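Worksheet: the structure to be examined is printed underneath.
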Amino acid sequence: MELHGLAAIPAVRRLIELALDEDYGRGDITSRVTVGRDGSDGPTITALMNAREPIVLFGLDIACAVFSMVDPRIVVERHCTDGTRLDRTGKPGAPI
Numbered sequence: 867m868e869l870h871g872l873a874a875i876p877a878v879r880r881l882i883e884l885a886l887d888e889d890y891g892r893g894d895i896t897s898r899v900t901v902g903r904d905g906s907d908g909p910t911i912t913a914l915m916n917a918r919e920p921i922v923l924f925g926l927d928i929a930c931a932v933f934s935m936v937d938p939r940i941v942v943e944r945h946c947t948d949g950t951r952l953d954r955t956g957k958p959g960a961p962i
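Each residue of the sequence shown is one higher than the one before, starting from 867 at the first, in my numbering.
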C-alpha cells in the first residue's frame, strides 16, 4: 500500500492504526455494519462526501489511507484534490 501526503508520515499512520484498533476492538457499531464481525467482507457500500458549507478540502490522503488499511480492495474515486475551495454543493451526494 502506497501512502501519500500526510498519510505517509509514520506518526500519522500510527494514529490511523490506533483509531482503527479502537473501533474494531470495541465492536464499534459502524464497523459492525460495514465489516463482518469476523473480519470477513461486509456488504458492498457506495458512499459520497459532500460539503454542507463552503470549505477548503483537506485530508483526502488520510481518508484514502484509512480506507486502504481497512481493506486494500476499496476503490476511492477522487473528484477534487486537497486545497480545492468548494462552495456548498447545494444538494446531498454531490461528489468531492
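Cβ coordinates follow ideal geometry from the N, Cα and C atoms, glycine included.
Predicted model, so just to flag it, every value in this text is computed and none were measured.
Taking Cβ positions, are residue i and residue j nearer each other than 8 Å?
i    : j    : result
A931 : A873 : yes
L881 : L923 : no
D937 : G871 : no
What first and last residue would you give for the alpha helix (DSSP H) that runs through residue i?
i    : result
F924 : F924 -> no alpha helix (DSSP H), and no H or E assigned at all.
Just to check my reading of the structure: residue i and residue j have Cβ atoms closer than 8 Å, yes? What is that Cβ distance to the nearest angstrom?
i    : j    : result
P920 : R954 : 6 Å
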